[in-house]
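K.L.:
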Amino acid sequence: MSLLPAPEVEAPISTFEGEGSRPAQSYWNESWQRLRDNRIGMAAGILILILAAISLAAPLFTQFVTHYEPYRLDLLATFQPPGHAHLLGTDELGRDTLTRLIYGGRVTLGVAFLTVGISLTLGTSVGLVTGYYGGWIDDILMRLVDVVLSIPAIFLFILMSILFRPNPVTLAMIIASVGWGGVARLVRGEVLSVKQRDFIMATRSIGARDVRLIVRHLLPNVLPVLIVAASLGVGQIILIEAALDFLGLGIQPPTASWGNMLTNAESYFFHSTWLVYFPGITIFITVLASNLFGNAIRDAFDPRLKTH
Amino acid sequence: MLAKYLVRRLLASVIVVLGVTLLTLLLMDRTRGTYVPGIDLNPNLRPEDIARLRANLGLDRPFYMWYLTWIWNVAHGDFGRSMIDGSPVLSHILDRLPNTLELTGTAIILGVLLSIPLGVIGALRRGSKTDHALTVVSVAGFAVPQFWLGLLLILLFSVTLEQHGLPWLPSSGAASAINGGDILDRLEHLIMPATVLSFFYLSLWSRFTRSSMLEVLSQDYIRTARAKGMSERRVVYLHGLRNALIPLITLIGLELPGLVSGGLVVEVVFGWPGIGKLAFERALQYDYSTVMGITFFATLLVVAGNLLADVLYAILDPRIRYA
């Protein structure tokens, strides 16, 4: 998401007397500085970037670091404990665990980011339109949101994944089919309040059309809320996706994902516990980093929401 | 005022429920065209038999008729029949309901009982080592996959303890099949799944209690209470906690639907014979009508939970208008 300067956003720092020692800064500069000062948040963000980079460069990594293919079976080397040949051991078919974790990261992170993208796009569009126009379109779409958010998400996921046999893209769409509702509510609320401000009236009075008003003036003002929602959502989505994969309702084998590597975990309990530990630790660390980064983003971009 | 508010909220809920049925049946409609009951048992069915069977079940009707029939039946307590074994979906649900309520009810009660004191301690000793430790625990609780935490507990308390000849906890089911079923036996089975589930609620609610408490303690009326010489204990518990708990009640109300749906993953990991596990198993067998029935049943509870939370909130916090 590009952080374009948004001229309409009022800089939270006013240049009253007494604060004159600091120059007025744009909202984005101000937020970026707050984010940079948050050491835990920055560390978490960098960790996410590293994980994403490793996933993107998976073929390079497996060629030069682990030296195994993610789907090549080696029935003479099943259940190898972590060691020199296989850094994190092998599974029941002799596949290298580290290689599969790296390739699983592609799927898991890919699905997570795609889900966030779909939910944000759909939710923002609906929120902008309903908040700006109101009336019957607002009534209908927001009732639809009520409906979607009233079905316990896990059951909706299950129902849809038996109907649509998910691949990574459909899985993202399934998870996003619930996520957009919350985004729409959030954006609509923001739009309702921004709409009341004077600059909107001013813009309209000089003849700006609806589309321009929405895209150039409302959207930049809801961006901070969107950025916060997106960064806080990633961790939850990874957890949902991992759980669906674990249950066998998400990404199907042989495609590796962090969740489905744990599907048969019980059969490893007695001799190959590393197969239980590593995928779980990977999920845990990734979600932890996402959440910490999300919190940092929230504190930086929306200081009103900062928890004590 | 309150009555009018109630009626309006109730009407809105009915519309939402109808919307849910329409949405889920539209999803189901994708499979309705090809479904033939009993085809697995008798692959030699003649085309005219198939047509007759489908007509008997109303599967050949247009969507709106099918939908209206379904609504009519549900309104009369008939959720349809399972596509796998032909038995009524509702009786399946009611069979499993007590087990699910036992698990999730325990977890929610444990979560409330532990999270409120921990949240208050965190707020009162803000910045202390205890506070930091509590923060770390709840941050971890948000990030750990429930199913993996369950697997780790099984690995430690069932497998490893048994291997070392120590007393161990049962890893699966709600009671032992042989000589089981008494309270002690059920408790033994309950410990691990309830722990996993309540850990999540604990993380959520203790953070919330903490920040809600901090918020309230910074209010003017707290300063007033202190200024007039009230003891700190009375300030914190009488004025602080009472007000801090109001938003928490809404949050817990919103979690009530979790009584049925919240434990699904945990139920599967621990082989707990509840509604979530039923939905999961039936999903794998493509038993649409059962999954559908459970989804609808759970939705009813969500809507009821939301309604209850709103009403409770309006009653408890006089600042809320019934607007």
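Protein chains in written order, with our numbering: chain F, 2 to 309; chain E, 159 to 481. Cβ atoms here follow ideal geometry from the backbone N, Cα and C, with glycine treated the same way.
1) Across which residues does DSSP place Thr91 (chain F) in a beta bridge pair?
2) At 7 Å on the CB atoms, spell out the chain E contacts of Ile155 (chain F), in chain order.
3) Mind checking whether Trp29 (chain F) and Leu123 (chain F) have CB atoms under 9 Å apart?
4) What ranges does the beta strand (DSSP E) occupy inside the region 256 to 325 of chain E, keeping only unbroken runs of at least 3 residues that lie completely in it?
5) Can you check whether the C-beta of Ala1 (chain F) is within less than 9 Å of a C-beta belonging to chain E?
6) With distance defined between alpha-carbon atoms, name the residue in E:Asn464, E:Val426, E:Ala298, E:Gly420 nearest to Leu355 (chain E).
7) Pull out every residue of the region 453 to 470 of chain E whose Cβ sits closer than 7 Å to any Cβ of chain F, in chain order.
8) Count the C-beta pairs between the region 300 to 312 of chain E and the region 275 to 293 of chain F that are closer than 8 Å, then say yes if the count reaches three, no if not.
9) In three-state terms, what does DSSP make of Arg239 (chain E)?
10) Let's test the definition: count the other Cβ atoms within 10 Å of the Cβ of Tyr395 (chain E) and tell me whether it reaches 16, buried, or not, exposed.
11) Closest to Gly111 (chain F) by C-alpha separation, out of F:Gly281, F:His272, F:Val235, would be which residue?
12) So within the region 173 to 259 of chain F, which uninterrupted alpha helix (DSSP H) runs reach at least 4 residues, ignoring any that extend past its ends?
13) For Pro405 (chain E), does the three-state DSSP call read helix, strand or coil?
14) At a cut-off of 8 Å, is Ile141 (chain F) close to the ligand FAD when judged by its beta-carbon and the heavy atoms of the ligand?
15) Which chain F residues are close to Arg219 (chain E), counting only those with a beta carbon under 9 Å from its beta carbon?
16) Here's a check: name, in chain order, each residue in its chain whose Cβ is nearer than 7 Å to the Cβ of His250 (chain E), leaving out the five neighbours to either side.
17) Listed from N- to C-terminal order along the chain, which residues in the region 129 to 155 of chain F have their beta-carbon within a distance smaller than 9 Å of any beta-carbon of chain E?
18) Any beta carbon from chain A within less than 9 Å of Thr227 (chain E)'s own beta carbon?
19) Residues of chain E with CB under 8 Å from Gly249 (chain F), in chain order?
20) Determine the extent of the alpha helix (DSSP H) in which Leu356 (chain E) is found, giving its start and end residues.
21) Ignore the nearest five residues each way along the sequence and tell me which others in Ala481 (chain E)'s own chain have a CB closer than 7 Å to its CB.
22) According to a CB-to-CB cut-off of less than 9 Å, which residues of the region 274 to 296 of chain F neighbour chain E?
23) Contact between the region 368 to 383 of chain E and the region 259 to 269 of chain E is defined here as three or more beta-carbon pairs at a separation below 8 Å; is this criterion met?
24) May I have the straight-line CA-CA distance separating Trp259 (chain F) from His290 (chain E), to the nearest angstrom?
25) Closer than 7 Å between beta carbons: that is the criterion. Which residues of the region 52 to 67 of chain F meet it against chain E?
26) In terms of alpha-carbon separation, which member of F:Leu263, F:Pro71, F:Ile228, F:Gln64 lies closest to Trp33 (chain F)?
27) What three-state label does DSSP hand Pro167 (chain F) in the structure shown?
28) Please report the residue range of the alpha helix (DSSP H) in which Asn30 (chain F) lies.
29) Across the region 455 to 465 of chain E and the region 268 to 287 of chain E, are there enough close Cβ pairs to call them in contact, namely three or more that are closer than 8 Å?
30) For Gly387 (chain E), does the count of other Cβ atoms within 10 angstroms reach 16, so buried, or fall short, so exposed?
31) Out of E:Arg166, E:Glu260, E:Tyr359, state which residue places its alpha-carbon closest to the alpha-carbon of Ser273 (chain E).
32) Check distances from the C-beta atoms of the region 402 to 416 of chain E to those of chain F and list, in chain order, the residues that come in under 7 Å.
33) Counting Cβ pairs closer than 8 Å, one from the region 289 to 301 of chain F and one from the region 38 to 45 of chain F, do we hit at least three?
34) Name the chain F residues whose beta carbon is nearer than 8 Å to that of Ala437 (chain E)?
35) Would you call the CB atoms of Tyr446 (chain E) and Leu164 (chain F) closer than 9 Å?
36) Helix, strand or coil, according to DSSP, for Pro246 (chain E) in the structure here?
P.N.:
In short:
1) DSSP lists F:Asp97 as the beta-bridge partner residues of Thr91 (chain F).
2) Per Cβ cutoff of 7 Å: Ser419, Leu422.
3) Pairing Trp29 (chain F) with Leu123 (chain F) gives a Cβ-Cβ distance that is not under 9 Å.
4) Within the region 256 to 325 of chain E, no complete beta strand (DSSP E) run reaches 3 residues.
5) For residue 1 (chain F) there is no data in the structure shown, the boundaries of chain F being 2 and 309.
6) The candidate whose alpha carbon is nearest that of Leu355 (chain E) is E:Gly420.
7) Residues of the region 453 to 470 of chain E that bring their beta carbon within less than 7 Å of a beta carbon in chain F comprise Thr453, Ala456, Thr457, Val460, Val461, in sequence order.
8) Taking 8 Å as the limit for Cβ pairs, the verdict is that the region 275 to 293 of chain F does touch the region 300 to 312 of chain E.
9) In this structure, Arg239 (chain E) counts as strand in the three-state DSSP scheme.
10) Looking at its Cβ environment, which holds fewer than 16 other Cβ atoms inside 10 Å, Tyr395 (chain E) is exposed.
11) Just measuring C-alpha positions, the residue of F:Gly281, F:His272, F:Val235 sitting nearest Gly111 (chain F) is F:Val235.
12) Within the region 173 to 259 of chain F, the complete alpha helix (DSSP H) runs of at least 4 residues are 199 to 206, 220 to 248.
13) Correct three-state label for Pro405 (chain E): helix.
14) Summarising the ligand content, the structure contains no ligands, and the ligand FAD is consequently not present.
15) Simply none; closest approach about 20 Å.
16) Within its own chain, the residues whose Cβ lies closer than 7 Å to the Cβ of His250 (chain E), once the five positions on either side in sequence are excluded, are Ser240, Leu436, Thr448, listed in chain order.
17) Under the 9 Å Cβ criterion, the region 129 to 155 of chain F contributes Arg144, Leu145, Asp147, Val148, Val149, Leu150, Ser151, Ile152, Pro153, Ala154, Ile155.
18) Looking for chain A here will not work: the only protein chains present are F and E.
19) By Cβ distance, chain E contributes Leu442.
20) At residue 356 (chain E) the sequence reads Ser, which differs from the Leu that was named. Residues 341 to 375.
21) Because the pLDDT of Ala481 (chain E) is 46, which lies under 50, any placement of that residue in the model is unreliable, and the number read from its coordinates should be weighed accordingly. Within the same chain, no residue comes within 7 Å of Ala481 (chain E) by CB-CB distance, once the 5 residues on both sides are set aside.
22) Cβ contacts with chain E come from Thr274, Val277, Tyr278, Pro280, Gly281, Ile282, Ile284, Phe285, Ile286, Thr287, Val288, Leu289, Ala290, Ser291, Asn292, Leu293, Asn296.
23) Flag = no, the region 368 to 383 of chain E and the region 259 to 269 of chain E do not touch.
24) Distance between the alpha carbons of Trp259 (chain F) and His290 (chain E) is about 30 Å.
25) Result list empty, no residue passes.
26) When the alpha-carbon of Trp33 (chain F) is set against those of F:Leu263, F:Pro71, F:Ile228, F:Gln64, the nearest one is in F:Ile228.
27) Pro167 (chain F) falls in the coil class under three-state DSSP.
28) Residues 28 to 38.
29) At 8 Å Cβ cutoff, the stretches do not touch.
30) Residue environment: Gly387 (chain E) is assigned as exposed (fewer than 16 neighbouring CB atoms within 10 Å of its CB, all protein chains considered).
31) For Ser273 (chain E), the nearest C-alpha among the options comes from E:Tyr359.
32) Per Cβ criterion, the list reads Pro415.
33) Contact between the region 289 to 301 of chain F and the region 38 to 45 of chain F is present, because at least three Cβ pairs lie under 8 Å.
34) For a Cβ distance threshold of 8 Å, residue set Phe156, Ile159 of chain F lies close to Ala437 (chain E), ordered along the chain.
35) A distance below 9 Å separates the beta carbons of Tyr446 (chain E) and Leu164 (chain F).
36) It is a strand residue.
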